[in-house]
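Just below is one structure, and these are the notes that go with it.
Protein chains: 2
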Amino acid sequence: MKTADPELMRAINRFHVMDAIRRFGPIARVEISDRTELSATTVSAITAALLDDGLIITHQLGGIRDAARGRPRVMLELNPAAAYVVGVKLAPDQITIATTNFRADVLSSLMLPIRLQRQPVSVIADLVEDGIRRCITDAGLTMDQISGVCIGLPGVVERVAGICRASPIFGENDVPFAAELTARLGGVVATIDSDVNLVTLAEHWFGQARGLDDFLVISVELGLGLGIMHNGELFRGANGLSPDLGDLMVRPPSGNGSARLASVASETSILAEARACLTGTEHEHAFRLGRGMEKVVELATTREPHIMALLEHAGEALGFAIANLITLFAPPKVILAGATLAAGDALVEPLRRTVGELLPPSLADVADIVVHHWSDDIWARGAAAMTLRDLYGAPWNTTGPAVHR
Amino acid sequence: MKTADPELMRAINRFHVMDAIRRFGPIARVEISDRTELSATTVSAITAALLDDGLIITHQLGGIRDAARGRPRVMLELNPAAAYVVGVKLAPDQITIATTNFRADVLSSLMLPIRLQRQPVSVIADLVEDGIRRCITDAGLTMDQISGVCIGLPGVVERVAGICRASPIFGENDVPFAAELTARLGGVVATIDSDVNLVTLAEHWFGQARGLDDFLVISVELGLGLGIMHNGELFRGANGLSPDLGDLMVRPPSGNGSARLASVASETSILAEARACLTGTEHEHAFRLGRGMEKVVELATTREPHIMALLEHAGEALGFAIANLITLFAPPKVILAGATLAAGDALVEPLRRTVGELLPPSLADVADIVVHHWSDDIWARGAAAMTLRDLYGAPWNTTGPAVHR
DNA sequence: TCATTTAGTAAATGATGCGGATTAAATCTG
DNA sequence: CAGATTTAATCCGCATCATTTACTAAATGA
Chain A
1 MKTADPELMR
11 AINRFHVMDA
21 IRRFGPIARV
31 EISDRTELSA
41 TTVSAITAAL
51 LDDGLIITHQ
61 LGGIRDAARG
71 RPRVMLELNP
81 AAAYVVGVKL
91 APDQITIATT
101 NFRADVLSSL
111 MLPIRLQRQP
121 VSVIADLVED
131 GIRRCITDAG
141 LTMDQISGVC
151 IGLPGVVERV
161 AGICRASPIF
171 GENDVPFAAE
181 LTARLGGVVA
191 TIDSDVNLVT
201 LAEHWFGQAR
211 GLDDFLVISV
221 ELGLGLGIMH
231 NGELFRGANG
241 LSPDLGDLMV
251 RPPSGNGSAR
261 LASVASETSI
271 LAEARACLTG
281 TEHEHAFRLG
291 RGMEKVVELA
301 TTREPHIMAL
311 LEHAGEALGF
321 AIANLITLFA
331 PPKVILAGAT
341 LAAGDALVEP
351 LRRTVGELLP
361 PSLADVADIV
371 VHHWSDDIWA
381 RGAAAMTLRD
391 LYGAPWNTTG
401 PAVHR
Chain B
1 MKTADPELMR
11 AINRFHVMDA
21 IRRFGPIARV
31 EISDRTELSA
41 TTVSAITAAL
51 LDDGLIITHQ
61 LGGIRDAARG
71 RPRVMLELNP
81 AAAYVVGVKL
91 APDQITIATT
101 NFRADVLSSL
111 MLPIRLQRQP
121 VSVIADLVED
131 GIRRCITDAG
141 LTMDQISGVC
151 IGLPGVVERV
161 AGICRASPIF
171 GENDVPFAAE
181 LTARLGGVVA
191 TIDSDVNLVT
201 LAEHWFGQAR
211 GLDDFLVISV
221 ELGLGLGIMH
231 NGELFRGANG
241 LSPDLGDLMV
251 RPPSGNGSAR
261 LASVASETSI
271 LAEARACLTG
281 TEHEHAFRLG
291 RGMEKVVELA
301 TTREPHIMAL
311 LEHAGEALGF
321 AIANLITLFA
331 PPKVILAGAT
341 LAAGDALVEP
351 LRRTVGELLP
361 PSLADVADIV
371 VHHWSDDIWA
381 RGAAAMTLRD
391 LYGAPWNTTG
401 PAVHR
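Line order of the protein sequences matches chains A and B. When you line the first sequence up against UniProt numbering, it's residues 1 to 405, in that order. When you line the second sequence up against UniProt numbering, it's residues 1 to 405, in that order.
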């Protein structure tokens, strides 16, 4: 049970101030005071401590002066150099890594197209470690300047325990991957999280859901993921487990029995089916080269009937699941993200149609379904943001209960 | 944005102390101090204020003395007479009302078997008002002693706005039922909430989920409801909407297309189908008398094939939905509640089997599915508890930031 | 009777947020 | 160009609160 003492008070208010500075860029103390509804005095005290700790910096010449009179505002912003973090995104066929500063600006990024599946955990950890070290060097930094590393991966992840319960990446279950990496990074703490949670946070911080406190993110990649933002907080299941959307059961395309969503609508299943129905055609070659998805996208633009039917089934299955999620959460926005969405309307149109058909009338218009095409390193940026989020809220150095120096 | 000030601190700690007293019955200050991790002094101060306000009372003669030496503990407990509240549960065919004291002990209860469907809102409000007044009188109280009224009803309810978005009870949507009743009760504030939320809270306070901070409640009555307890808090969708489980889409029994869960597994649908397949038999009469569910239960015990098949379909559909919910929330416990469960294993066994079949292996054992048969007035007790919960947390009289008198 | 033990309270201390007065730094005005 | 005005930020004093330390209360045990 968290007991409320003055220290907690300070921590809460400090977080609010940090959050306002992060969200509203260079911002004057008065405006922080307005937005947070804290008194000017309190804001002054907190920002003084933050400046003292080097977490924020002043930015004289405020630029736009709203009223031409009076003492000019001193703008405050995050000190980009206050901390550096690394974000990693693991996908079955590629590792993406990004180094960012305290403002979540990407300083360097790295993409390693490596097939991770079937590799032992230690090999994967080695690859990630090498990539992280390389990426840090690329950014002109050294390991001891790094405040934290966050690794996002598909599947069921228990963040607080640092354990990956199940993932297409690992052959085994219950992999303590956070500890595995922390051990390799010489004192730098690594955390893990579900990859969708990272996109969800990224959407909240930089993306289409800025300022929106309730929304869902559906990631459609080799696996399927669900991120839930609820009341401005990432929703995690009991024990901090992240749900795996692919494990949801849906109405199958054959119209008979039931099927796991992952077996109908994930990139993995789409590729497998596409390959099956294109065997013996001129297109088969692309699948052997690992260029299957490009071929599917290409054939979708030419409206190849088999592919269209296949994508329609996938879209309908996703629509079924999403309709149920909207029924449960009534979110004002649903964001679709992930590489598979390159297939475009052939996938998304049946999805929207199915959601429209299945949603109860009372919820017909609550959710705005949007597609967000993102570059790969943004996922890694989301991972970095996850670490920064902890740093912002952490009892930082002396910013805590006023250690006198 | 909620700013943290000393007053908030006090409110939080006061709530923790109240919660400890509520949960652990007669309890000494030392033990509160242990459990809440607040200092003995703080507990002393807070309990003094609570005593002063009459919210708790001392209970000398502590009873069991753990160590035979030392100054005896003074036990504290909720003052039953500190406040009285009324809980109401609306079902399509009956109104249940209960008056409780501050400890949520039921003082009087009332059950009105009235068919509410198709009645105009004002008529329903009149009926509820009359029932409330009657129930208060039965408890030996008067209206001005009542601190609050909470009405639970099936469907989609927006608690904070006091609006029922959609319900089988009302013919219309967006009914401002809370305002409707508050206007009739002469100053006593009425709130509304989804009926499952009330059971969920009741399970958390008095039921099978005491001390459990994550669990789901599935209510199977004329309608279907879902209650979610997450991190010790009732989970509500965006805008404070409560989800309606009946609107979820499931795999239909015919194995083709998809169907709304309510059309397969609610008591309404079960009765309709049972009536259809029993037309022309000796059993038909029971349905005309409105005794359909009793007849279904009776036939289930004799394993009548039609009924068994029907209940099996319903159980499978529920299992499908519940498997998906477990995938999403990974709750350690799922509680099934509601009148329809009287059908027993004919319904519950297929449900368990389906959940077992559909759950991904990684989640196979996380959730314990239990059935809870409850009497009707317990639902109303849950409604009362919902009001008490607000009272416990409210800035009470002078217990707030020390108004000097 | 008096030491011992446990429960509960009082006084002192320090952290915190807030309101009102004050200072700082610019523009406006005559 | 000097003083008035305006807006931003800070200083000072106060009230609240939780905590630590010392103390009192009320029982048992020797």
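Think of the CB as a built atom: it goes at the ideal place given N, C-alpha and C, for glycine as much as any other residue. Everything numeric in this text was worked out from a predicted model, so none of it was measured.
Straight-line Cα distance separating A:THR301 from A:PRO360:
32 angstroms
Beta carbon proximity, A:PHE287 to chain B, threshold 9 angstroms
no
What residue ranges within the stretch 199 to 263 of chain B form continuous beta strand (DSSP E) runs of no fewer than 3 residues, ordered along the chain?
215 to 220, 224 to 230
Is B:LYS2 helix, strand or coil by DSSP?
coil
Note down, in chain order, every chain B residue with its Cβ under 8 angstroms from the Cβ of A:ARG352.
Per Cβ cutoff of 8 angstroms: no residues; A:ARG352 is ~16 angstroms from chain B at best.
Along the stretch 9 to 31 of chain A, what residues have a CB closer than 7 angstroms to any CB found in chain B?
MET9, ILE12, ASN13, HIS16
Give the DSSP bridge partners of A:ALA166, in chain order.
A:VAL156
Grab me the residues of B:LEU224's own chain with a C-beta within less than 7 angstroms of its C-beta, minus the 5 sequence neighbours each way, in chain order.
LEU245, GLY246, LEU261, ALA262, ALA265, SER266
Consult DSSP for B:ASP19 and reduce its assignment to one of helix, strand or coil.
helix
For B:ARG291, is the classification buried or exposed, using 16 other Cβ atoms within 10 angstroms of its Cβ as the cut-off for buried?
exposed
Where does B:ARG381 land, buried or exposed, given buried means 16+ other C-beta within 10 angstroms?
buried
In whole angstroms, give me the CA-to-CA distance for B:ASN231 and B:LEU212.
9 angstroms
What did DSSP end up calling B:SER39 once you bin it into helix, strand or coil?
coil
Using C-beta distances below 7 angstroms, list every residue in its chain close to B:PRO350, excluding the 5 sequence neighbours before and after it, in chain order.
GLU312, GLY315, GLU316, GLY319
According to DSSP, residues forming a beta bridge with A:TYR84
A:ILE146
Pair every Cβ in the stretch 182 to 193 of chain A with every Cβ in the stretch 142 to 150 of chain A, then say whether three or more of these pairs are closer than 8 angstroms.
yes
DSSP three-state label for A:THR301, please.
helix
Which class does A:VAL196 belong to by DSSP, given the choice of helix, strand or coil?
helix
With a CB to CB cut of under 7 angstroms and the five nearest residues on each side skipped, what residues in its chain are close to A:ALA343?
VAL296, VAL297, ALA300, LEU311
Own chain residues within Cβ distance below 8 angstroms of A:HIS283, not counting five before or after:
LYS295, LEU299
Nearest CA to the CA of B:MET143: which residue from B:VAL156, B:LEU127, B:THR99?
B:THR99
Go ahead and pull the three-state DSSP assignment for A:ASP52.
helix
Taking all protein chains shown into account, do 16 or more other C-beta atoms lie within 10 angstroms of the C-beta of B:PRO26, making it buried, or fewer, making it exposed?
buried
Using a cut-off of 8 angstroms between C-beta atoms, extract the partners of B:LEU358 located in chain A.
MET249, SER258
Restricting to runs no shorter than 4 residues, where is the alpha helix (DSSP H) found entirely within the stretch 115 to 146 of chain B?
121 to 138
Given a threshold of 16 other Cβ atoms within 10 Å of its Cβ, counted over all protein chains shown, does A:VAL160 qualify as buried or as exposed?
exposed
Under the rule that 16 or more other beta-carbon atoms within 10 Å means buried, what is A:ASP365, buried or exposed?
exposed
Anything in chain A within Cβ reach of B:ASN173, meaning under 7 angstroms, just list it in chain order.
SER362
Within its chain, find whatever has a CB closer than 6 angstroms to the CB of A:GLY152; leave out the 5 residues flanking it on each side and keep chain order.
LYS89, ASP193, ASP195, LEU198, ALA383
Could you spell out the range, first to last residue, of the beta strand (DSSP E) harbouring B:SER109?
106 to 112
Other residues of its chain near A:ASN13: CB distance less than 8 angstroms, five sequence neighbours each side excluded:
THR36, LEU38, THR42, ILE46
Taking B:ALA321 and B:GLU221 to be in contact with their CB atoms under 8 angstroms, please state how far apart those CB atoms are, rounded to whole angstroms.
The pair is not a contact, with the Cβ atoms about 15 angstroms apart (cut-off 8 angstroms).
Within 10 angstroms of the Cβ of A:HIS16, are there 16 or more other Cβ atoms? Answer buried if so, exposed if not.
buried
For a contact defined as C-beta to C-beta under 7 angstroms, what are the partners of B:LEU241 on chain A?
ALA330
Which residue's Cα is closest to the Cα of A:ASP93: A:GLU77, A:LEU116, A:ARG73, A:MET75?
A:LEU116
Taking B:PHE320 as the query, report the chain A residues whose CB atoms sit under 8 angstroms from its CB, ordered along the chain.
MET249, SER258
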